[in-house]
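Participant:
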Amino acid sequence: MGLGHLGRSAALAQAFRELGARPVFVDVPASCRFWVRSLGFDLAALSSRRWDILAADSYRFSPQDWQRLRRQSRNLLAFDDLGTCRAPADWILNGHVYARGLRFSAGPAAGLLLGPKFLPLRQEYWSPSLRRRISPRIRRLLITLGGGICEALTETVIKAAQQALPQAEIHVAIGMLAPKPASVAATAVVWHRGLMSLRPLLESCDAAVTAGGQTIYELAFTGTPAAVVERGPDQKGNVLGMAEAGTVLLAGKAAAPGLAVHLRAALRRIDRDPALRARMSESGRGLIDGHGALRVARLVLGQSPRRP
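Per my numbering, the sequence shown runs over residues 831 to 1138.
#1: To the nearest angstrom, how far is it from the Cα of P893 to the Cα of L899?
#2: Counting only the same chain and skipping the five closest in sequence on each side, list residues whose C-beta sits under 6 Å from that of I973.
#3: Kindly identify the DSSP beta-bridge partner or partners of D872.
#4: Whole angstroms is fine: what's the gap from F948's alpha carbon to A994's?
#5: Give me the residue from A860, A851, F855 and V1078 with the minimum Cα distance to E1048.
#6: Just to confirm my understanding: we take L951, look at its own chain, exclude 5 residues before and 5 after, and list those with CB closer than 6 Å. What are they?
#7: If you pair each beta-carbon of the region 882-890 with each one of the region 906-917, do three or more pairs fall below 8 Å?
#8: Give me, in chain order, the residues of the same chain whose beta-carbon lies closer than 6 Å to that of A1096; leave out the 5 immediate sequence neighbours on both sides.
#9: Would you tell me roughly how many angstroms separate the C-alpha atoms of L1131 and I964, rounded to the nearest one?
#10: Answer with buried or exposed for R1094, where buried requires no fewer than 16 other C-beta atoms within 10 angstroms of its C-beta.
#11: Quick check on DSSP: helix, strand or coil for L934?
#12: Ignore the nearest five residues each way along the sequence and tell me which others in V1069's own chain have a CB closer than 7 Å to its CB.
#13: Name the residue from S839, P958, P1104 and L971 whose alpha carbon lies nearest to the alpha carbon of N924.
#14: Would you mind sorting R879 into buried or exposed? The rule is 16 or more other CB atoms within 10 Å of its CB.
#15: Take G1034 and list the residues in its own chain whose beta-carbon comes closer than 7 Å to its own, dropping the five residues that flank it on each side.
#16: Within the same chain, show all residues whose beta-carbon is closer than 8 Å to that of A1073, passing over the 5 residues directly before and after it, in chain order.
#17: Given that a residue counts as buried once 16 or more other Cβ atoms are within 10 Å of its Cβ, and exposed if not, what is A845?
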């Protein structure tokens, strides 16, 4: 389970808890259990009972897995990022910016919860974001490329940022298990490892370099202009959609040989154009209001079919 998937599952769990339900995480990998418990949630085995509502999030579920989940739940909600999930679900959730352009494979009975209105962000994003003060130049830059291990990419991005923004203080947020690059360039930045919430750091930085996962929406919510690196094909929809929405500038694909050149150009453009940063900031704040998880929970609790 990727940390972005875990984060959005936690957002839903917090919303259900806020509305009076008792969420439990089932079959969580050992490496993620401490994080789940730190949010105040219990752990259990899927097979331990039949669940009133089961929210399932994985690209790896087979048709047999989905049938098992169906049997273990009275109401089944499936995350479907690509529109290809054939789950026998009561609800399909895709809160991404590109969701309404997909054709979904789920059965006709499924309720579709689509688009940024339903994008689940954790509880720390439920309070309103403040209008960002736009500085003449970028003074603090955040690099956040996801919670997984991407040492070589992180080093490439740090060097490009230092070259493009010599005046900026550079902060790098990495996951609990990710190593720090050992280069000289990497020693001149401020490291943040395994943060429970990125929001304070996002709000304290003038701009960011990010990948195309869940954090791209947290940046939009806080109005943080960003250059975005596509780490894999599964991020293409987010990257292109958010660029079209005006919240990010494209810097290229992680595996592309010219990434550093394109990233430097994107960062210099963002740095030297405060009016552009202001437009990007307002576009993001207008797109994501932080209440997606609560909307999903209210609908699912209020309208789910009652199965024996």
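Just so it is clear, CB atoms sit at the ideal spot from N, CA and C, and this is done for glycine as well.
Facilitator: Let me lay it out:
#1: Their backbone Cα atoms lie some 10 Å apart in a straight line.
#2: Once the five neighbours on either side are set aside, the close Cβ partners of I973 are V987, V1002 and V1039.
#3: Per DSSP, V854.
#4: Going from the Cα of F948 to the Cα of A994 covers about 36 Å.
#5: Residue V1078 is the option with its Cα nearest to E1048.
#6: Take L951, set aside five residues on each side of it, and the residues of its chain with a beta-carbon closer than 6 Å to its own are A841 and G1120, in chain order.
#7: Cβ pair count under 8 Å is three or more, so yes.
#8: Answer for A1096: A1057, L1079 and A1081, listed in chain order.
#9: Whole-angstrom Cα-Cα distance: 41 Å.
#10: It is buried - the Cβ of R1094 has at least 16 other Cβ atoms within 10 Å.
#11: Here residue 934 is Phe; the residue named in the question, Leu, does not match the sequence. Correct three-state label for F934: coil.
#12: Taking C-beta separations shorter than 7 Å and ignoring five residues to either side along the sequence, the partners of V1069 in its chain run G1042, V1058, E1060 and L1080, following chain order.
#13: The option with the nearest alpha carbon to N924 is S839.
#14: With a threshold of 16 other beta carbon atoms within 10 Å, R879 falls short and is exposed.
#15: First, the amino acid is wrong: residue 1034 is Ser here, not Gly. R970.
#16: Once the five neighbours on either side are set aside, the close Cβ partners of A1073 are V1058, L1079 and L1080.
#17: Around the beta carbon of A845, a 10 Å sphere encloses 16 or more other beta carbons of the protein chains shown; the residue is thus reported as buried.
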